[in-house]
Amino acid sequence: MNVREIKFRAWVENSLQRFMDYSPTLEAGHSSSVFLNETIEENQYPLMQYTGLKDRNGKEIYEGDILRVWQEDEYIPNRDSGGGIIDYDCEKGFSQIGKVGFKGGSFDYSTIKTLDGKHEEIHAPIDWINNYEVIGNIYENPELINS
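Residue numbers for the sequence shown, in our numbering: 324 to 470.
Written as structure tokens, this is what we have:
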């Protein structure tokens, strides 16, 4: 059985804090959570869950992170009826910015804007994306998603 590490971080007064010790407490009609022995009310701070993935630099990827995603040019062979390569078509690559969310029970990536190359509107599970790096998050870097 493959077990994913469960981590959260919270946005607290203009300072991104990581709270590793998370344990939910449920009461009838009310819920709260304990973070490092401090009780906070539900929705007091926006929580972002760790996806279990790291970018190319080894940085952990959380819900709410903004990623730069790219696809290199890809050369696709054209073959004759015998299977020999005649020539190649070049499918141009692209570079874009998008954000990590949680939808339908899984983490996903959604395109915000294209930086370079052809526009590829991507809305897919994050583990379908191959080339990515964290460049910010929606709280510390809103200019990346609003420009």
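Virtual Cβ for every residue (Gly too), placed ideally from N, Cα, C.
Since the structure is predicted, the reported quantities are computational estimates derived from the model, not experimental observations.
Item	Value
Length of the line joining the Cα atoms of ALA333 and SER404	58 Å
Neighbour-count burial assignment, ASN464, 16 or more Cβ in a 10 Å radius	exposed
Whole-angstrom distance between LYS426 and TRP451, CA atom to CA atom	15 Å
GLU414 - DSSP class collapsed to helix/strand/coil	strand
Own chain, CB closer than 8 Å to LYS422, minus 5 neighbours either side, in chain order	GLY387, ASP388, ILE389, LEU390, TYR432, SER433, ILE435, ILE461 and ILE468
Which residues DSSP lists as bridging TRP393, in chain order	SER418
Simplified DSSP state of ASP431, which is helix, strand or coil	strand
Residue from LYS382, THR437 and TYR411 whose Cα sits closest to the Cα of GLY459	LYS382
Length of the line joining the Cα atoms of ASN380 and TYR398	27 Å
ASP403 (DSSP reduced to helix, strand or coil)	coil
Under 9 Å between C-beta atoms of PHE417 and HIS446	no
Backbone CA spacing between PHE430 and LEU376 [nearest angstrom]	10 Å
Residue interval of the alpha helix (DSSP H) (run including ASN469)	466 to 469
Same chain, Cβ closer than 6 Å to ILE409, neighbours up to 5 away in sequence not counted	ASN401 and ASP403
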